[in-house]
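Residue 6 is where the sequence shown starts when you use our numbering, and the numbers rise one by one after that. Note that beta-carbon positions come from the ideal geometry of N, C-alpha and C, so glycine has one too.
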Amino acid sequence: MKGEEFNPMNIEEFIANENEKPLDRIVSDGGFTSIFRTIACIGDSLSSGEFESCKDGKADYHDMYEYSWGQYIARMCGSTVYNFSIGGMTAEIYCESFAENRGFWNAKYASQAYIIALGVNDMEKNPDLGSINYVDFDDYRNNKKSFAGYYAQIIQRLKKIQPRAKFFLMTVPNEGKCDAKTEAKKAHAALLYNFAEKFDNTYVIDLFKYAPTYDKEFKGKFHLAGHMNPMGYVLTAKMVASYIDYIIRHNVDDFKEVGFIGTDLHG
């Protein structure tokens with residue numbers, strides 16, 4: 006209409022800012038992570054909503070999945086999120102027994118996105134994680150029996166189940182220390198970046214670099230003994246969803262056909 010003023014929506018907040026860091030913008034509704042209608046979270050106790058209780062001086066551990074960061078993401082996004090996790094999980098246990106015993110290689114659990122958060126227990130067991138040279142990218146059965154070999158196997162087998170799925174590989178947060186564990190976490194992060202370069206549709210959620218330092222003050226607020234408390238799992242969910250939202254906004258062309266994952270359709 007002649008003379009009418011138009012005030013279009015400001016689209017800037019949905020556009021990638023080249024100076025933006027992954028966790029500069031924390032979303033409360035999942036942001037663009039909600040484009041994934043099915044997500045699978047592969048991890049250990051920290052992916053299982055595990056709480057640590059104490060009675061008569063003895064610690065006990067409880068996987069309470071409704072408190073996991075994956076289920077908080079499910080409620081944020083309205084998506085279906087599977088917990089392929091349990092306390093004490095390692096990449097070796099996942100490949101050698103857990104996934105098979107739980108039926109997690111079954112195509113009925115095929116997901117549009119997989120978030121892999123493994124490494125804490127693996128590094129405790131053996132700080133030597135191996136490298137991508139331990140991986141036969143043509144046949145996972147030839148991978149060396151190492152963290153790198155088993156971790157790659159998980160990706161390789163899931164890619165056969167859901168070839169166009171997106172993979173998000175999560176590093177271990179930094180505790181602000183200068184010790185052997187920190188060096189192992191750096192090596193773990195470097196390995197995940199190598200996998201992201203080698204595998205298509207694969208990205209790194211680098212909590213080591215961009216999350217808050219998990220120091221004494223942080224743990225006093227967000228931990229319950231050696232594991233997180235409910236607020237810690239909510240915070241983790243917000244960080245993971247916000248990081249994936251960031252990745253999507255900075256790689257829009259990679260995610261245009263997410264709705265066709267699991268089909269033979271293309272745009």
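Residues bridged to residue i by DSSP?
{"i": "residue 208", "result": "173"}
{"i": "residue 182", "result": "Partner(s): none; residue 182 has no beta bridge."}
{"i": "residue 232", "result": "229"}
{"i": "residue 119", "result": "45 and 172"}
Please name the residue, chosen from the options, that lies closest to residue i on a Cα-to-Cα basis.
{"i": "residue 91", "options": "115, 52 and 84", "result": "52"}
{"i": "residue 100", "options": "77, 78, 160 and 62", "result": "160"}
{"i": "residue 75", "options": "264, 162 and 242", "result": "242"}
{"i": "residue 166", "options": "153, 111, 198 and 57", "result": "111"}
{"i": "residue 182", "options": "190, 172 and 235", "result": "190"}
{"i": "residue 89", "options": "81, 121 and 80", "result": "121"}
{"i": "residue 152", "options": "216, 126, 168 and 177", "result": "126"}
{"i": "residue 188", "options": "203, 259 and 134", "result": "134"}
{"i": "residue 250", "options": "205, 29 and 69", "result": "29"}
{"i": "residue 103", "options": "48, 129 and 66", "result": "48"}
{"i": "residue 262", "options": "108, 81, 170 and 164", "result": "170"}
{"i": "residue 210", "options": "235, 204, 247 and 238", "result": "247"}
If you follow the alpha helix (DSSP H) that residue i is in, where does it begin and where does it stop?
{"i": "residue 241", "result": "235-255"}
{"i": "residue 155", "result": "152-166"}
{"i": "residue 127", "result": "125-130"}
Three-state secondary structure (DSSP) at residue i?
{"i": "residue 142", "result": "coil"}
{"i": "residue 17", "result": "helix"}
{"i": "residue 56", "result": "strand"}
Tell me where the beta strand (DSSP E) around residue i begins and ends.
{"i": "residue 149", "result": "Neither: residue 149 is in no beta strand (DSSP E) and is coded neither H nor E."}
{"i": "residue 67", "result": "63-68"}
Practice problem: Can you check the region 79-106 for any beta strand (DSSP E) of at least 3 residues that lies completely inside it and give the ranges in chain order? | Solution: Listed in chain order, the complete beta strand (DSSP E) runs (minimum 3 residues) inside the region 79-106 are 85-90.
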